[in-house]
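Below: one structure, written as structure tokens.
Protein chains: 2
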Amino acid sequence: MEQTATAAAPVTFETNPAQYRHWKLSFDGPVATLSMDVREDAGLRSDYKLKLNSYDLGVDIELADAIQRIRFEHPDVKAVIVNSLKERIFCAGANIFMLGGSSHGFKVNFCKFTNETRLAMEDASAHSGIKFLAALNGICAGGGYELALACDEIVLVDDGNSAVSLPETPLLGVLPGTGGLTRVVDKRKVRRDLADFFSTVAEGVKGKRAVEWRFVDAVYPTSRFKDEVARRAKELAAQSDRPGTGPGIILNPLNPKVTDEQLAYRFVTLTIDRGKRLAEITVKAPDAPQPDTADAIVAVGDAFWALRAFREFDDALLRLRLNEPEIGTVTIKATGNPEAVLAVDKTLDANRDHWAVREIIHFIKRTLKRMDLTSRSFFALIEPGNAFAGTLFELVLASDRAYMLDDPDKPNSIALSAMNGGSYPMSNGLTRLQTRFLGEPDKVDELLAAEEPFEPQDALDAGLVFSAPDDLDWDDEVRLAIEERAALSPDALTGMEANLRFAGPETLETKIFGRLTAWQNWIFQRPNAVGERGALKVYGREGRPEFDWRRC
Amino acid sequence: MEQTATAAAPVTFETNPAQYRHWKLSFDGPVATLSMDVREDAGLRSDYKLKLNSYDLGVDIELADAIQRIRFEHPDVKAVIVNSLKERIFCAGANIFMLGGSSHGFKVNFCKFTNETRLAMEDASAHSGIKFLAALNGICAGGGYELALACDEIVLVDDGNSAVSLPETPLLGVLPGTGGLTRVVDKRKVRRDLADFFSTVAEGVKGKRAVEWRFVDAVYPTSRFKDEVARRAKELAAQSDRPGTGPGIILNPLNPKVTDEQLAYRFVTLTIDRGKRLAEITVKAPDAPQPDTADAIVAVGDAFWALRAFREFDDALLRLRLNEPEIGTVTIKATGNPEAVLAVDKTLDANRDHWAVREIIHFIKRTLKRMDLTSRSFFALIEPGNAFAGTLFELVLASDRAYMLDDPDKPNSIALSAMNGGSYPMSNGLTRLQTRFLGEPDKVDELLAAEEPFEPQDALDAGLVFSAPDDLDWDDEVRLAIEERAALSPDALTGMEANLRFAGPETLETKIFGRLTAWQNWIFQRPNAVGERGALKVYGREGRPEFDWRRC
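First to last, the protein sequences are chains A and B. Counting the first sequence from 1 gives a position; our numbering is that position plus 679. Counting the second sequence from 1 gives a position; our numbering is that position plus 679.
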């Protein structure tokens, strides 16, 4: 199964509403409507048709883009109706033939991205005052229901036929892996026996029972459905704390220079060394004056360094994940003037209540989470001339290890800022500093109170870096660390990093990525799913799947 | 790899110190010493030698037995030294050739059992006042260090050579899956970069660095090692709240009648229908007067129904897991007089501070957790004459679904007791009632306050059962539910149940079974570990492993 197709060409993640093939985005005052209308013949690969509003990665890339643009470009939007333009069909879920024909790695990364997109909706609700209403006008199955689960409210048409369902286990022998099982019992708090029944019947539940069992918030007859959806959307909008006025920030194309070995953006460069299975990401500090008020930030828009640099970093991570599976280790560098980063941090911190600054901070947070969840080894290399300060120091904290050159002839330092103190929580709910110092919790405030940058020995003593070799040892130590990493089993590293990176509390989010995803990945390897007669392979073909009945 | 050996004969789990092949258990006042001295040629299978104190399931069965007996038979023991009788070797971890030659299902169940045993040590520390000191006299690698991590304190000899290590990732391409990664960052709160380094170097860390990095609590030179271990063990014993006097409760053999289709114990019967891939477990209520004071309980010892019935249930679950992998669904019944169960519950509740009653309650708790973690579907069948009351009702709450016959001609009821209120927390830290009613938390106290048993319709309305068919529907509904379950992918069910059963908070324990185990099971399927040139297969043979470098 490892030989099956992945997306034909390298996947790109940038799009915009004018280019959408599968979604329509419309606006009516504070209520936006995001309508799914998947084009059957516009999948990322040609070996499947996206029937019945089923989706592939391309559909989800547009969804992610739409949510992002609502946050930045439409500060007046307070509620989003998520519906379908197809008759009596909301969404049939992830396309099964796409899954059946995808490599293991592609399935894993596809699910990771869709999970991140669903969580971005919940993040928009929790932190941007954008409330989501899933308006289910018909069949809502599998990933379709998982999309609904990511909304604040779910309403279903009561037409005697339309139902919500998670048919993955009974039909496909896999899990609803885009957060479905977790959200059913943890977010909607459905009783486990009802969830168990629901997750094993292909037809799902409908009508009053769907409400009584907590799977949806309300059902309405077809005649009242549209009006009730509109009414509830207005009510949701009324709960919002968004400012409601002002121009948005347009997210313009990033236009990186793309060569076979490099993605070069304005502030971020990703360089690939396929021979060594190594990549290097360099982030540049601001190299020109940056706006220092909220209004000035809105005025410069997406040219503002903090937004631009992290949009580029996010795009680079996504391309790396999907298009360069053999690159196992990524070195992270930051160059330029750390004072310029700290100045931006001061502006972000002072204006964090402004809607646009709030969006930028939460976007940086999500990008850093994307890094935490990227199954590659990250080594930060801190050399003289580095710009690892404040927000950029989070890249060091998100790395598996950090090496800092200690050469008395070449001053080298790192710095923290107020932004390391709580602006960028990880998916476990703690900051990276708190997670790092779980065993010495008092140390976090102590370090944040430091008024001077940390020289290499101080950084080492403070526990902020892993190693601080001198100039004689630096080259060998870094080279050896990278070479040794590259020799280890990529699977063991993925599992190891997934366990070591998230110490401390668990949340719905970490449960999805830790527990649900890990089990799904296991199932995605099993012959009962992906073998020649596995359920995922046999679906839609003649005959029934054949199972090895041994329980593990 | 699915065709490789499992344990040759059916595995049994009962043993006692006189039969131990691999451990010596000795006593010196309040300090017990549990010494590992693995017999190379006494493995469960003949295709590997247990060199260097490496272990297989048989070694761990003895360890589990020893811990259990210390709790019940030796109420005077307050601290346990875990050491080794081999020179300069503490333990080399799980035997790699055993793992390499085991089927996937056996590996999964082996790891589950070893994890439960480690957690039983932590449970004894937290709830029985038995503190564990790992005294590492030499090499302590992989599962050996995971055993040490389960202890309250770890001391290591400082001889320039002895180290602690988790070499699974660098040497074998798998994870330290017996809680190792989780305990390193969550229990011992080792910094993630130090944990990352440690988990990727086969040689581990030793001496002062091991202390500074929090991997061990102290190192001592060989000359002082024995004295310091004795001193620390006494200090640990001084922290204990155990009573320190009185006779223990001897755990006698269970002696079930074993036939090809049945395990028949005194109170528990497990019946297998291999054709339907179905088992039935029936638990009988007490059928004779039971002791109603703590002293009387100690006097009747292991004949006390609450202890005996759950020892039998535990043994049946373990045999089912290891010896009957194709049995996918288990129906659970309880027969006899529910009043007799409620009377025992009253005794347990009234005497919960007595050491023996405390042990019995925590043992029942652990057995119920074992059921939660058993990857089979459990359906409770509640019929007239049932004894699902109080403690036995936990079996219903631990089931994936419960069906209750509603026939007006045949009275049928269930009942709660104070014991459902907090005595048997799940591994998520909540009771089964709390987990069940996560969406209606007030309901828990309301139900616990009910003074009358619940008739079928009341039980259904209260949300205590999944369905209450009448006598016309009962047979068909139950039969269909069982048949439909038996048709589903066993892997998807395992993953689904692992996600639906543990709503609510996560703990170190759920992290181990959810996140760490799920990732390990994934890796245990991957060609990079178990393929012909996978790391686990190649270990100890000529040549190096070959990896598919794609990261997922």
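Note that beta-carbon positions come from the ideal geometry of N, C-alpha and C, so glycine has one too.
- Rounded to whole angstroms, the Cβ separation of B:Tyr-1082 and B:Phe-1067 is 12 Å, and the two are not in contact under 8 Å.
- The Cβ atoms of B:Val-761 and B:Phe-811 sit closer than 8 Å to each other.
- In its chain, beyond the 5 residues on either side, Ala-1068, Gly-1069, Ala-1094, Ser-1096 have a beta carbon closer than 8 Å to the beta carbon of A:Leu-1021.
- Under the 8 Å Cβ criterion, the stretch 1037–1044 of chain B does not count as touching the stretch 1187–1207 of chain B, having fewer than three qualifying pairs.
- Under the Cβ criterion (8 Å, minimum of three pairs), the stretch 817–828 of chain A counts as touching the stretch 845–859 of chain A.
- Close to chain A, meaning a Cβ-Cβ distance shorter than 7 Å, is no residue of the stretch 760–781 of chain B at all.
- Inter-residue distance for B:Gly-772 and A:Gly-1222 is about 46 Å (C-alpha atoms, whole angstroms).
- Fully enclosed beta strand (DSSP E) runs of no fewer than 3 residues occupy 832–836, 842–844 of the stretch 830–872 of chain B, in order along the chain.
- B:Asp-971 and B:Asn-840 have their alpha carbons spaced roughly 56 Å apart.
- DSSP, reduced to helix, strand and coil, places A:Met-1175 within a helical segment of the structure shown.
- In terms of beta-carbon proximity, A:Leu-860 lines the interface with chain B, with at least one pair separated by less than 8 Å.
- Of the candidates B:Asp-1121, B:Lys-1048, B:Trp-1153, the residue whose Cα lies closest to the Cα of B:Leu-1060 is B:Trp-1153.
- Ranking A:Thr-1026, A:Arg-888, A:Met-1050 by CA distance to the CA of A:Ile-1039 puts A:Thr-1026 first.
- For the stretch 999–1017 of chain B, the residues whose beta carbon sits under 8 Å from a beta carbon of chain A are, in order, Pro-1004, Glu-1005, Ile-1006, Gly-1007.
- Counting every other CB atom within 10 Å of its CB across the protein chains shown gives A:Pro-900 a total below 16, marking it as exposed.
- Assigned with DSSP and collapsed to three states, A:Gly-1193 falls in helix.
- As DSSP reads the structure, B:Val-937 sits in a beta bridge with B:Leu-942.
- Taken atom to atom, the span from the alpha-carbon of A:Gly-852 to that of A:Ala-1214 is near 5 Å.
- Measuring C-alpha to C-alpha distances from A:Ala-973 to each of A:Ala-1029, A:Glu-1156, A:Arg-1055, A:Ser-919 identifies A:Ala-1029 as the nearest.
- One Cα belongs to A:Asp-872, the other to B:Ala-964, and the distance between them is close to 25 Å.
- Contacts with chain A at 8 Å (Cβ-Cβ) include B:Lys-1190.
- The Cβ of B:Phe-894 sits no closer than 8 Å to any Cβ of chain A.
- The beta carbon of A:Cys-1231 sits closer than 8 Å to some beta carbon of chain B.
- Under the 8 Å criterion on CB atoms, B:Gln-918 is classed as non-interfacial with respect to chain A.
- Between B:Thr-1173 and A:Arg-1230 the beta-carbon gap is near 6 Å, inside 8 Å, which marks them as a contact.
- In the DSSP assignment, A:Arg-1080 falls outside any alpha helix (DSSP H) and within the unbroken beta strand (DSSP E) covering 1080–1083.
- Per the Cβ contact rule, the stretch 1004–1014 of chain B is in contact with the stretch 1160–1170 of chain B (3 or more Cβ pairs under 8 Å).
- The Cβ atoms of A:Ala-758 and A:Val-834 do not sit closer than 8 Å to each other.
- Under a criterion of Cβ atoms nearer than 9 Å, the residues of chain A adjacent to B:Glu-1185 are, in order, Pro-1184, Glu-1185, Thr-1186, Thr-1189, Lys-1190, Gly-1193, Arg-1194.
- About 6 Å separates the beta carbons of B:Glu-832 and B:Arg-911, which is inside the 8 Å limit, making them a contact pair.
- Around B:Met-1175, the beta-carbon contacts reaching into chain A at under 7 Å are Thr-848, Leu-854, Leu-860, Ser-878.
- For A:Ala-881, the closest C-alpha among the options A:Glu-847, A:Ser-725, A:Arg-867 is that of A:Glu-847.
- With fewer than 16 other Cβ atoms from the protein chains shown falling within 10 Å of its own Cβ, B:Pro-689 counts as exposed.
- Exposure of A:Gln-918 is indicated by the presence of fewer than 16 other C-beta atoms within 10 angstroms of its C-beta.
- The straight-line gap separating the alpha-carbon atoms of A:Asp-735 and A:Ala-1160 is approximately 38 Å.
- Each residue's CA atom was taken as its position, placing B:Asp-1086 and B:Ser-1092 some 11 Å apart.
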